[in-house]
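Asker: Structure below; questions to follow.
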């Protein structure tokens with residue numbers, strides 16, 4: 204397939220938001236010609252969505268509401284599940300408290316109100332959902348208890364999500380062109396409406412929409428074979444190309460000193476090009492938390508500048524609420540139990556990055572290691588630092604970069620002595636806390652005194668940036684900084700949409716946001732194209 208010279212609707216970006224927009228546009232206007240382009244090669248299809256655990260946060264009315272759309276619950280298991288209703292007020296409350304009330308009220312209202320219907324729409328279109336037993340539930344007293352308002356994930360995580368999206372795209376006649384980077388947005392000199400995009404296209408690129416294009420890959424060499432400049436005429440353009448998390452220069456510029464050293468959790472192709480192009484070519488208005496990002500505790504031995512498509516999300520190290528974390532000097536620096544894990548994991552990377560050497564050590568004993576997720580902590584994924592005594596554990600950590608051995612041992616002694624009485628329950632905020640420590644642990648505080656002991660070395664892994672472009676919340680149409688009005692025919696979704704998340708976010712709401720606003724943008728673009736055609 205050669206790159207077309209024109210189409211009705213062009214989507215830039217092959218992640219969850221872009222695919223959702225394309226599918227929505229196709230279903231709204233089946234006659235419209237729709238293409239997706241992405242600057243990455245086909246072996247990196249899916250953007251950051253591929254590297255997620257596939258979690259979707261959505262309003263629901265409890266287990267009976269979700270059972271019809273999941274494929275991993277048998278009748279016997281269903282009788283043992285405890286799952287609270289997650290209402291619109293619950294979701295709204297979580298967004299407000301995670302962002303310190305700085306989330307855009309109109310965007311967040313739509314995100315919340317559309318979340319349930321959007322999840323069911325995705326399921327109807329072949330996205331395979333499951334209950335997230337491995338990440339969002341603990342079995343306590345023979346009951347499977349879901350916690351933190353989050354219950355859904357996709358089968359095979361982000362990899363499965365992108366495979367399902369690609370099948371849906373193929374079924375709906377949506378064509379995908381990789382190795383195609385936007386270099387300019389072209390507008391009508393009179394109206395200011397989008398009329399075309401200029402791209403740089405690698406002529407020997409793959410255009411397959413099959414699931415095989417999500418295979419494991421390292422960054423391929425860039426050859427100069429068949430590289431060409433093209434102009435693609437389009438009646439509507441939807442920007443879904445991600446943030447600037449893979450650009451160390453922009454990270455240091457916007458997020459601050461030290462962020463150029465963060466590990467890239469996902470695709471190396473989210474370098475912020477399209478954010479800059481939109482501001483340059485159409486004066487797109489920048490909004491949101493440009494100094495904020497989603498960053499997690501990440502394996503310190505992981506690749507620096509891109510995720511590994513085989514290991515993918517398994518480099519995440521989210522078991523810190525079950526133990527403690529210390530920096531390389533042996534000091535605790537964060538309350539590991541101040542909230543449920545899916546409300547803290549997206550900001551914990553920032554805390555780690557601020558530590559000496561930008562590393563930390565997560566520590567557990569034999570009491571809590573069985574509760575760690577195997578996909579994140581098995582020894583084939585991460586280096587285990589072990590000891591049958593705390594002194595032996597300290598020696599293992601010294602070999603991995605710990606500089607404050609004696610402080611490490613003193614920290615553990617002080618922590619163990621400060622643990623108060625109570626019943627430990629990882630499925631609720633159990634109030635089992637320390638007393639008298641400068642840095643408390645507010646929940647799930649158990650002494651670390653039962654051998655063997657385990658530690659894991661972690662650093663900060665950046666997932667996505669929070670700053671983005673201003674849009675009309677109803678349609679995701681891009682707003683001009685100069686005019687304060689919509690740029691005709693231009694829409695923005697996914698990580699590029701600014702204003703929803705600040706400092707932190709409720710786990711699973713990123714993919715939901717991409718699908719909610721992708722669906723709205725696709726529908727609005729298709730309706731716009733249809734109305735233009737009717738006037739001709």
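Residue numbers (our numbering): 204 to 739.
Ideal Cβ placement from N, Cα and C applies to all residues, glycine included.
(1) Can you check whether the CB of residue 588 is closer than 9 angstroms to the CB of residue 612?
(2) Among residues of its own chain, excluding the 5 on either side of residue 411, which ones have a beta-carbon nearer than 7 angstroms to its beta-carbon?
(3) From the DSSP output, read off the bridge partner residues of residue 259.
(4) Span of the alpha helix (DSSP H) holding residue 327?
(5) If you drop the 5 nearest sequence neighbours on each side, which residues of the same chain put their C-beta closer than 7 angstroms to that of residue 348?
(6) Apply the 10 Å Cβ neighbour rule to residue 686 and answer buried if 16 or more other Cβ atoms are within range, or exposed otherwise.
(7) Considering just the uninterrupted stretch of the alpha helix (DSSP H) at residue 288, what are its terminal residues?
(8) Taking the alpha-carbon positions, what's the residue 306 to residue 676 distance?
(9) Going by DSSP, what residues sit across from residue 689 in a beta bridge?
(10) With the cut-off set at 9 angstroms, would you say residue 250 and residue 444 are in Cβ contact?
(11) Classify residue 553: buried if its beta carbon has 16 or more other beta carbons within 10 angstroms, exposed otherwise.
(12) Residue 288: which of 559, 438, 327 and 260 sits nearest, CA to CA?
(13) So, for residue 480: in the same chain, excluding its five sequence neighbours on each side, which residues have a beta-carbon less than 8 angstroms away from its beta-carbon?
(14) Verify whether the separation of the beta carbon atoms of residue 524 and residue 647 is less than 9 angstroms.
(15) Less than 7 angstroms between C-beta atoms, sequence neighbours within five positions excluded: which residues of the same chain meet that for residue 733?
(16) Rounded to a whole number of angstroms, what is the C-alpha to C-alpha distance between residue 403 and residue 546?
(17) According to DSSP, residue 528 sits in a beta bridge with which residue or residues?
(18) Quick one: what's got a C-beta closer than 8 angstroms to residue 494's C-beta in the same chain, skipping five residues either side?
(19) Are the CB atoms of residue 522 and residue 565 within a distance shorter than 9 angstroms?
(20) With a threshold of 6 angstroms on Cβ separation, who are the neighbours of residue 318 within its own chain once the five nearest residues in sequence on each side are excluded?
(21) What three-state label does DSSP hand residue 587 in the structure shown?
(22) Distance check for residue 310 and residue 321, CA to CA, integer angstroms please.
(23) With 16 other CB atoms within 10 Å as the buried threshold, where does residue 561 fall?
(24) Using a Cβ-Cβ cut-off of 6 angstroms (strictly less than) and excluding sequence neighbours within five positions of residue 719, which residues of its own chain qualify?
(25) Could you round the C-beta distance between residue 658 and residue 695 to whole angstroms and report it? I think they count as a contact, below 8 angstroms.
(26) Would you please state the rounded distance, in angstroms, between the beta carbons of residue 239 and residue 217? I believe it to be under 8 angstroms.
Answerer: Well, looking at it:
(1) As a working note, residue 612 is residue 409 in the chain shown. As a working note, residue 588 is residue 385 in the chain shown. Cβ distance not < 9 angstroms, so residue 612 and residue 588 don't count as in contact.
(2) Taking the first residue of the chain shown as position 1, residue 411 is located at position 208. Confidence at residue 411 is low in this model, with a pLDDT of 42, below 50, so its placement is unreliable and the value that follows should be read with caution. Same-chain partners within the cutoff: 245.
(3) The residue given as residue 259 occupies position 56 in the chain shown. Answer by DSSP bridge pairing, in chain order: 355.
(4) Residue 327 sits at position 124 when you count from the first residue of the chain shown. It spans 308-327 - the alpha helix (DSSP H) in which residue 327 sits, taken as one unbroken run.
(5) Translated into positions along the chain shown, residue 348 becomes position 145. Within the same chain, residue 348 has close Cβ partners 285, 340, 341 and 630.
(6) The residue labelled residue 686 in the question sits at position 483 within the chain shown. Exposed, since its Cβ has fewer than 16 Cβ neighbours within 10 Å.
(7) Here residue 288 refers to the residue found at position 85 when the chain shown is read from its first residue. No alpha helix (DSSP H) holds residue 288; DSSP gives it neither H nor E.
(8) By one-based count along the chain shown, residue 306 stands at place 103. By one-based count along the chain shown, residue 676 stands at place 473. Approximately 13 angstroms, taken between the alpha carbons.
(9) Position 486 of the chain shown holds residue 689. Answer is 682, bridged to residue 689.
(10) If you number the chain shown from 1, residue 250 lands on position 47. If you number the chain shown from 1, residue 444 lands on position 241. Yes.
(11) Translated into the one-based positions of the chain shown, residue 553 becomes position 350. It is buried - the Cβ of residue 553 has at least 16 other Cβ atoms within 10 Å.
(12) Counted from its first residue, the chain shown places residue 288 at position 85. Comparing Cα positions, the closest option is 260.
(13) Here residue 480 corresponds to residue number 277 of the chain shown, with the count starting at 1. So the list reads 385, 386, 387 and 388, once near-sequence residues are dropped.
(14) Stepping through the chain shown from its first residue, residue 524 is reached at position 321. Stepping through the chain shown from its first residue, residue 647 is reached at position 444. Yes; because the gap between Cβ atoms is below 9 angstroms, this pair is in contact.
(15) In the chain shown, the residue the question calls residue 733 occupies position 530. So the qualifying residues of the chain are 232.
(16) Here residue 403 refers to the residue found at position 200 of the chain shown. Here residue 546 refers to the residue found at position 343 of the chain shown. For residue 403 and residue 546, the distance between alpha carbons rounds to 40 angstroms.
(17) For the purposes of this step, residue 528 is taken as residue 325 along the chain shown, with counting starting at 1. Answer is 565.
(18) On the chain shown, residue 494 is found 291 positions in, with the first residue counted as 1. Correct list, in chain order: 457, 458, 459 and 670.
(19) By 1-based counting over the chain shown, the position of residue 565 is 362. By 1-based counting over the chain shown, the position of residue 522 is 319. Yes; because the gap between Cβ atoms is below 9 angstroms, this pair is in contact.
(20) For the purposes of this step, residue 318 is taken as the residue at position 115 of the chain shown. Only 261, 262 and 715 meet the Cβ criterion.
(21) On the chain shown, residue 587 is found 384 positions in, with the first residue counted as 1. Three-state result, residue 587: coil.
(22) Taking the first residue of the chain shown as position 1, residue 321 is located at position 118. Taking the first residue of the chain shown as position 1, residue 310 is located at position 107. Going from the Cα of residue 321 to the Cα of residue 310 covers about 15 angstroms.
(23) As a working mapping, residue 561 is identified with position 358 in the chain shown. Label assigned to residue 561: buried.
(24) Your numbering for residue 719 matches position 516 in the chain shown. 314, 317 and 321.
(25) For the purposes of this step, residue 658 is taken as the residue at position 455 of the chain shown. For the purposes of this step, residue 695 is taken as the residue at position 492 of the chain shown. The pair is not a contact, with the Cβ atoms about 43 angstroms apart (cut-off 8 angstroms).
(26) Here residue 239 corresponds to residue number 36 of the chain shown, with the count starting at 1. Here residue 217 corresponds to residue number 14 of the chain shown, with the count starting at 1. Rounded, the Cβ-Cβ distance is 6 angstroms, consistent with contact.
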